[in-house]
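Undergrad:
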Amino acid sequence: MRYSPVKLAALSALAVNSVVAGRCLTDAAANRVAQNFATTFSNFSEEFVNSTYTIDVKDQTDSVAWLISNGTACPNGLGSLTFASRRALMDAQATQPDLPFIIQNVWHDCTEVITRWKFDIEPQQVQGIAVLGTVCNEGRSKRQEPYLINHIFSEFNTGAFLVFQGDYVPTQSCGNVNEDRVSKKHLWAK
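Sequence positions in the sequence shown follow mature numbering (1 follows the signal peptide of the UniProt record, and there is no 0) and run -21 to -1, 1 to 169.
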């Protein structure tokens, strides 16, 4: 059987698109991954995390590491893994209150989802960004969850979170913030 160059090009394109569609995140799949990440903080349950994260998920979040260590290098310094497994991540999250976690933006490539998010809390919202690595779900639940989160790199406004928790009390009202910054500018230059 002989095919014209046009037919061969069309068949080749279909084959490539089929492979990419099976392996690359779509906009809908990326949004689902981002929402799964949000649900971890807004409506935590071990059952949900077990169905949306790999067992060997890795999380590196210096913001969380700093909070856990109270600003020291103990137990883990900044830049190291915060959680090295799904179990460790779940144990830590189980100690936290559910928070109103809102996804603001989502971007993606074939395997990574980048999301800008916020905890809509008082007195100041906490904003953050996360890079979520994914793998194709090969388990029984792959129809419901085609992609699982297998690594997380995330950072957020730790100061605003400390204010929310009551661990930090701001020292001044908003009225003289700029004047105070100008008066302390000489300290930053050293």
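A virtual CB, placed ideally from N, CA and C, is assigned to each residue, including glycine. This structure is a prediction, so every number in the text was calculated from the model and none was measured.
1) Tell me which residues share the same chain as residue 73 and place their Cβ nearer than 8 Å to its Cβ, disregarding the 5 neighbours each side in the sequence.
2) Taking only three categories from DSSP, how would you classify residue 133?
3) Mapping the DSSP letters down to three states, classify residue 90 as helix, strand or coil.
4) Across which residues does DSSP place residue 97 in a beta bridge pair?
5) Using CA atoms only, rank isn't needed, just tell me which of 47, 51 and 53 is closest to residue 75.
6) Look at the alpha carbon of residue -6 and the alpha carbon of residue 2, and state the distance between them as a whole number of angstroms.
7) Taking C-beta to C-beta, are residue 142 and residue 102 nearer than 8 Å?
8) Start and end of the alpha helix (DSSP H) containing residue 28?
9) Is residue 148 helix, strand or coil by DSSP?
10) Return helix, strand or coil for residue 51, following the three-state DSSP convention.
11) Below 8 Å on the Cβ atoms is my contact criterion, and I expect residue 92 with residue 9 to pass it. Report the Cβ-Cβ distance as a whole number of Å.
12) Quick check: what's the CA-CA separation for residue 149 versus residue 119?
13) When you compare only the Cα positions, how much space is there between residue 31 and residue 126?
14) Classify residue 128: buried if its beta carbon has 16 or more other beta carbons within 10 angstroms, exposed otherwise.
15) In chain order, what residues of the same chain have a beta carbon less than 6 Å from the beta carbon of residue 34, not counting five sequence neighbours either side?
16) What are the boundary residues of the alpha helix (DSSP H) that includes residue 62?
TA: According to the data block:
1) As a first step, residue 73 must be located in the sequence shown, where it is residue number 94. 23 and 25.
2) One-based indexing of the sequence shown puts residue 133 at position 154. Correct three-state label for residue 133: strand.
3) Along the sequence shown, read from residue 1 onward, the residue named residue 90 stands at position 111. Coil at residue 90, not helix or strand.
4) In the sequence shown, residue 97 corresponds to position 118, counting from 1. BP columns for residue 97 point to 81 and 106.
5) Reading the sequence shown from its first residue, position 96 is the one you call residue 75. Of 47, 51 and 53, the residue nearest in Cα terms is 47.
6) Stepping through the sequence shown from its first residue, residue -6 is reached at position 16. Stepping through the sequence shown from its first residue, residue 2 is reached at position 23. Unreliable placement is indicated for residue -6, whose pLDDT of 37 sits below 50; no coordinate value is reported for it.
7) The count along the sequence shown starts at 1 and reaches residue 142 at position 163. The count along the sequence shown starts at 1 and reaches residue 102 at position 123. Yes, they are a contact pair.
8) As a position in the sequence shown, residue 28 is number 49, starting the count at 1. Unbroken alpha helix (DSSP H) run through residue 28: 25 to 31.
9) Taking the first residue of the sequence shown as 1, we reach residue 148 at position 169. Residue 148: coil per DSSP, three-state reduction.
10) To locate residue 51, count along the sequence shown from 1; it is residue 72. It is coil, neither helix nor strand.
11) Within the sequence shown, numbered from 1, the residue matching residue 92 stands at position 113. Within the sequence shown, numbered from 1, the residue matching residue 9 stands at position 30. Yes, they are in contact, since the Cβ atoms of residue 92 and residue 9 sit about 5 Å apart, within 8 Å.
12) What you label residue 149 is simply residue 170 of the sequence shown in a count that begins at 1. What you label residue 119 is simply residue 140 of the sequence shown in a count that begins at 1. If I take the Cα positions, the gap works out to 50 Å.
13) Position 52 of the sequence shown, counted from the start, is the residue given in the question as residue 31. Position 147 of the sequence shown, counted from the start, is the residue given in the question as residue 126. Spanning the two alpha carbons is a distance of roughly 8 Å.
14) On the sequence shown, position 149 is the one that residue 128 refers to. Under this definition residue 128 is a buried residue.
15) The count along the sequence shown starts at 1 and reaches residue 34 at position 55. Excluding residues within five positions, the ones whose Cβ falls inside 6 Å are 65.
16) As a working note, residue 62 is residue 83 in the sequence shown. Neither: residue 62 is in no alpha helix (DSSP H) and is coded neither H nor E.
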